[in-house]
Amino acid sequence: MATRDTETERLSRAVKGSGIAAGLLILIVACGVLLSQCERSQREVVEAPVPTSIVPIADATVPELRFTDITESAGIQFVHENGATGDRLLPETMGGGVASFDFDLDGDLDLLFVNSSTWPDEQAQTGRTGRSALYQNNGHAQFKDVSETHLDLSAYGMAPAVGDFNGDRYPDVFITAVGSNLLFLNQNGESFIDVTETYGVGGAEDAFSTCATFFDYDRDDDLDLFVCNYVGWSVEIDQAVDFQLTGVGRAYGPPTDFPGTSSWLYRNDGHSFTDVTETAGIAVLNEQTNELIGKALAVSVVDVNRDGWSDLIVANDTVRNFLFINQLDGTFTEKGIEYGLAFDSSGAATGAMGLDVAHHSNDERLGIAIGNFANEMSSFYVNSAGLNIFSDDAIVLGVGALTRRVLTFGLFFFDVDNDGRIDLFSVNGHIEPEIALVQASQSYEQTPQLFWNCGANCARPFQPVRTQNTALGLASVGRGATYGDFDGDGDLDIVVTNVGGKPSVIRNDLGTTNNWLNVRLRYQDSNQNGIGATVQVTTSGATQTRQITRTRSYLSQFGASAHFGLGQATSIDLVEVTWPDGTRETFDEIDPNQSVQLLFGSGTSAN
């Protein structure tokens, strides 16, 4: 998350720090930027009839989209507690996360907000702490707080990970934290019980875990667990670093001042998990110092090399990103540099935060978006069709210049207007409350950004959407972000978490007649939701591809389904599912504008 000097950044600030061992004063130069304002008009975008669109749009202007903040009316009263009292401890600015999932299997998406807490001294003096909150949806975006009866959770939490690891269909919950992590078993949607010790996934008491994901890396049809760890952190180290902003005082230090770590991989062995981090090749060491180098904030599960096995992309903060390629034998090999995902287009490591992956052009190519620190544009890696080499095409695709102005945490791909093309949404907010005093171009609260995908034949496919007069035009200190059709009207609504404040539940008031389809899967054994499966929907000769995964964005979880915008198509030619074991089945005679569940073995085999 450290700022960095560039040729266009003339504003600098002196930063004073002290080393832990020697206690000597050092000078650290941090920098700001007064970016030239790149005024972008809402000009007409001409879109040719290409196979990436469902129905070509004759007059492809950036649409006027409507969003309404329904947080209060939806019954969401949660407030994030980060424990900040002026000491500027690193975890205070990093959380917390949110999960969108159907915990009671009643067919609608509920919400879990992970809270952090006050620090021990503050708790002892005031008795005040922070508690996470589970909200039950009635199907119409009206939520009821059921935390007291369903999930009693108090920790310095960071993120949820959702997955049915015991195969009873009810989604269970893993919570990452500063300190020991927690695992809760879902009891038929009626309550959650703490089974951390039983399953052996608490981790280390001095760890700083961030994002986590359930996935089946060994294809034995149960869900394993991957846990991202950030930096080697403690209150004592943080205070010894004593990061300062000139004219402000103590500030939040960058991760460069803290040692690296390793993420953890746990293999699901039925009645317990086994830590296979070392034997699976997850621990990455500095070749010169032999020290751990990971500083992970986000992870995505995707089959990068198309061999039918799940790989892992890990976004690291100020060190190179990792790509763990599955070796099909229970091990992984880190290949981020070889695949072109380790660094940005200039060859530098970035302050990487949130992460998402999608077939953004409705073809074989993968798009990998990573939100980066202020004065660093978001990364948008794309591979050539059939090749495993990626390049950072953020500028070419249209998301470069505008994302440089903000500090991006959560981001995700989704079809905001159901036109059959995947758009990109990101939430922003700085880590330093007084940043505007030393960098005039920056602010603590920042507005989200929405980029509309106008198709492959546009000069820059991703165009900024004007949101000033909508709920997306409100600035906040955004962190996590998820989506879901919470009110059941066929379009995707948005939830954003804000550090030290209330979340934002934002209803998508889609003003088009575009059609849609939502696909849920029912697989086998202990992977009932078909995590890792791929769903393809073909309409009017164009095919869209989605992977079933819950972990995207930053500290966030999504429903285990695939949502497809269909544009003006009134019929669906074909739905094809590639199940986690490689079996392919096709399904036809599926109508638009509904949520369907497809059962393993009930379609026509394509093998």
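Residues in the sequence shown are numbered from 29 upward in steps of one, following the working numbering.
Where a beta carbon is used, it is the ideal one built from N, C-alpha and C, also for glycine.
- Sorting Gly-167, Asn-296, Ser-290, Ser-208 by C-alpha distance to the C-alpha of Gly-195 places Asn-296 at the top.
- Every alpha helix (DSSP H) of 4 residues or more that sits fully in the region 220-251 is shown, in chain order, as 224-227.
- Burial of Asp-384 is indicated by the presence of at least 16 other C-beta atoms within 10 angstroms of its C-beta.
- The closest CA to that of Ser-599, considering only Arg-612, Asp-609, Thr-566, Gln-572, is found on Thr-566.
- Of all alpha-carbon atoms in Ile-534, Trp-607, Ala-343, Asn-446, the one lying nearest the alpha-carbon of Ile-396 is that of Ala-343.
- Counted as a single uninterrupted DSSP element, the alpha helix (DSSP H) harbouring His-178 occupies residues 175-178.
- In this structure, Arg-393 sits near Val-410, with a CB-CB distance shorter than 9 angstroms.
- Here Gln-564 is near Thr-606, since their CB atoms are less than 9 angstroms apart.
- Scanning Phe-418, Ser-406, Val-347 for the CA closest to the CA of Glu-366 turns up Phe-418.
- Note: Lys-363 is not bridge-paired with any residue in the DSSP secondary-structure output.
- Classified as exposed, Pro-148 has fewer than 16 neighbouring CB atoms from the shown chains inside 10 Å of its CB.
- Out of Ala-189, Gln-164, Ser-219, Leu-118, the CA that lies nearest to the CA of Ser-262 is found in Leu-118.
- For Asn-497, the number of other beta carbons within 10 angstroms of its own is below 16, and it is reported as exposed.
- If you check the CB distance, Val-190 and Leu-583 do not come in under 9 angstroms.
- Exclusion of the five residues before and after Trp-337 leaves Arg-247, Asp-331, Asn-354, Leu-356 as the residues of its chain whose Cβ lies within less than 7 angstroms of its Cβ.
- Between the region 524-531 and the region 544-562 there are fewer than three inter-stretch CB-CB distances shorter than 8 angstroms, so the stretches are not counted as touching.
- Annotation: the continuous alpha helix (DSSP H) that includes Glu-150 extends over 148-154.
- Between Ser-532 and the set Leu-320, Asp-519, Leu-502, the nearest pair of CA atoms involves Leu-502.
- When the alpha-carbon of Asn-542 is set against those of Thr-571, Ser-469, Asn-446, the nearest one is in Asn-446.
- Rounded to whole angstroms, the separation of the alpha carbons of Val-347 and Phe-171 is 40 angstroms.
- Taking a cut-off of 8 angstroms for Cβ pairs, the region 480-500 and the region 89-109 touch, as three or more such pairs fall below it.
- When the five nearest sequence neighbours on each side are left out, the beta carbons in the same chain lying within less than 6 angstroms of the beta carbon of Ala-127 are those of Leu-140, Pro-188, Val-190, Gln-585, in order along the chain.
- Under a 10 Å Cβ-count criterion, His-168 is classified as exposed, with fewer than 16 other Cβ atoms of the shown protein chains found around its own Cβ.
- Scanning Gly-483, Ser-145, Ala-487 for the CA closest to the CA of Ala-570 turns up Gly-483.
- By the C-beta density criterion, Ile-310 is buried, having at least 16 other C-beta atoms within 10 angstroms.
- Nearest neighbour of Asn-485 by Cα position, chosen from Pro-461, Asn-390, Ile-341, turns out to be Asn-390.
- With a cutoff of 9 angstroms on beta-carbon distance, Ile-104 and Lys-530 are scored as near each other.
- By the CB criterion at 9 angstroms, Ser-145 and Gly-158 fall inside the cutoff.
- Shown here, Thr-89 sits in coil according to DSSP, grouped into three states, outside any helix or strand.
- Under DSSP, Glu-473 shares a beta bridge with Gly-457.
- Around the beta carbon of Asp-335, fewer than 16 other beta carbons sit within 10 angstroms, so the residue counts as exposed.
- Taking a C-beta distance under 9 angstroms as the contact criterion, Val-174 and Phe-254 do not qualify as a contact pair.
- If only complete runs of 3 or more residues are kept, the region 293-343 shows the beta strand (DSSP E) at 301-303, 324-330, in order along the chain.
- If you look at Thr-431, you'll find it in the alpha helix (DSSP H) that goes 428-431.
- When the Cα atoms are used, Pro-608 and Asp-266 turn out to be separated by approximately 43 angstroms.
- Apart from sequence neighbours up to five positions away, the residues of its chain that approach Val-223 with a beta-carbon distance below 6 angstroms are Leu-211, Leu-213, ordered along the chain.
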